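Trainee: This is the structure I have questions about; it appears just below.
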Amino acid sequence: KCSSKCLHCGINECLECHSGFLLQKGECQKECQKGYFQSSDKRCLECHRTCETCNGGDIGSCTSCKAPYIKQGSLCVSSCPPLTFQHLGTCASCHESCSQCLDSTRFSCLKCSNKAEILLPNTSSMEMKNESPHLDALREVTKPDHDTESPFITDKRKSVGRCVTSCPDGYKLHGSLCL
5 KCSSKCLHCG INECLECHSG FLLQKGECQK ECQKGYFQSS DKRCLECHRT CETCNGGDIG
65 SCTSCKAPYI KQGSLCVSSC PPLTFQHLGT CASCHESCSQ CLDSTRFSCL KCSNKAEILL
125 PNTSSMEMKN ESPHLDALRE VTKPDHDTES PFITDKRKSV GRCVTSCPDG YKLHGSLCL
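Residue numbers for the sequence shown follow this note's numbering, so the first one is 5 and each next one is one higher.
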């Protein structure tokens, strides 16, 4: 038996809804559920499998992404492409001097975009703190192997910095790093 919202019934489902309703999985709805979009023929069709919400059925129509995907424009990707970083569920652009980064500041480069440039690691956390809040996340407390040992800190900030054309006084070039 069909509901009063249904205009034409099939054996076990609605085939067409009355005005003001949308057909989704054989039932009439006021609006499409999450993971579906409204088609031009008043049906709710499924979004692409990576989309949480969408405005069409193809891969480039996502308006939000299912976990663990990240939004890049209208796509949902498994990881951010070069020159971008993950920020609040989307891929955001790195600073122009970085090809890989932690955030959009010039102090958060992991690799330089210009092959002629060298990575100058951040040496003063106070100097960079306001520029790049993500740097503190690179400090890891490592638990000791035995109960008698104290925990120690591994600071990965030495591999994060800004890109320069030459090493400043007091630094020497070691590969692609000023140390």
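Beta carbons are placed, not taken as given, at the ideal position from N, Cα and C, and that holds for glycine.
Owing to the predicted nature of the structure, the values given are computational and were not obtained by experimental measurement.
By how many angstroms is the C-alpha of VAL168 removed from the C-alpha of ILE63?
Mentor: Approximately 39 Å, taken between the alpha carbons.
Trainee: Pick helix, strand or coil for ILE122, following the three-state DSSP scheme.
Mentor: Strand.
Trainee: Can you tell me which of SER78, GLY93 and HIS99 puts its alpha carbon nearest to the alpha carbon of SER86?
Mentor: Here the sequence assigns Pro to residue 86, which means Ser is not the residue at that position. Among SER78, GLY93 and HIS99, the Cα nearest to that of PRO86 is on HIS99.
Trainee: From which residue to which residue does the beta strand (DSSP E) around SER68 run?
Mentor: Taken as a continuous stretch (DSSP letters only), the beta strand (DSSP E) holding SER68 covers 66–69.
Trainee: Report the rounded CA-to-CA distance for GLY24 versus CYS116, giving the unit in angstroms.
Mentor: So the two alpha carbons sit approximately 55 Å from each other.
Trainee: Tell me which same chain residues have a C-beta within less than 7 Å of the C-beta of CYS6, skipping the five on either side of it?
Mentor: Closer than 7 Å at Cβ, skipping near neighbours: CYS13 and CYS18.
Trainee: Can you round the beta-carbon distance between LYS46 and CYS21 to whole angstroms, since I take them to be within the 8 Å contact cut?
Mentor: 7 Å between Cβ atoms; contact.
Trainee: Helix, strand or coil for ILE74 per DSSP?
Mentor: ILE74: strand per DSSP, three-state reduction.
Trainee: Going by the CB atoms, is the gap between CYS48 and LEU79 shorter than 9 Å?
Mentor: No.
Trainee: For the beta strand (DSSP E) that SER97 lies in, which residues bound it at each end?
Mentor: Start and end: 94–97.
Trainee: Please classify GLN37 as buried or exposed, where buried requires at least 16 neighbouring CB atoms within 10 angstroms.
Mentor: Its Cβ having fewer than 16 others within 10 Å, GLN37 is exposed.
Trainee: Kindly list the residues whose CB is nearer than 7 Å to the CB of GLY165, restricted to its own chain and excluding five residues on each side of it in sequence; keep chain order.
Mentor: Same-chain partners within the cutoff: PHE111, CYS113, LEU123, LEU124, PRO125 and ASN126.
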